[in-house]
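Below is one structure, written out as structure tokens; comments come after it.
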Amino acid sequence: MKNVSGLLFGHYSSGEGDSFRSLQQLLELLERFGKRHGIPVAYCDDFGHGDRHALLPVGRKARLDADRQLLQF
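In this text, residue positions in the sequence shown follow the UniProt record's numbering: the first is 1, and each later residue adds one.
Right, here's the structure in full:
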């Protein structure tokens with residue numbers, strides 16, 4: 001984790017056999033993970049697997065404000 005400065009998680013689809021009962025449970029786990037490792041963690045429903053996809057440029061510098069849930073390029 002020494003090279004990780006933040007994590008952005010995308011769309012989560014709860015399906016049969018998933019470990020998480022709800023999105024809220026997953027978000028609470030992600031928040032605890034970020035606090036444990038001292039990194040900002042944010043969730044964005046507009047990218048990831050599923051029907052909704054936002055473009056996230058690979059390798060481009062970005063700023064993640066986890067408190068405001070804001071990602072800027």
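Virtual Cβ for every residue (Gly too), placed ideally from N, Cα, C. If you're wondering where the values come from, they're calculated on a predicted model, not measured in any experiment.
Asked                                                            : Found
Per-residue DSSP class, three states only, for G34               : helix
G34 versus A54: straight-line alpha-carbon distance, rounded     : 23 Å
Minimum C-alpha distance to A66 - residue among G59, V41 and D46 : V41
Residue range of the beta strand (DSSP E) that includes L8       : L7 to H11
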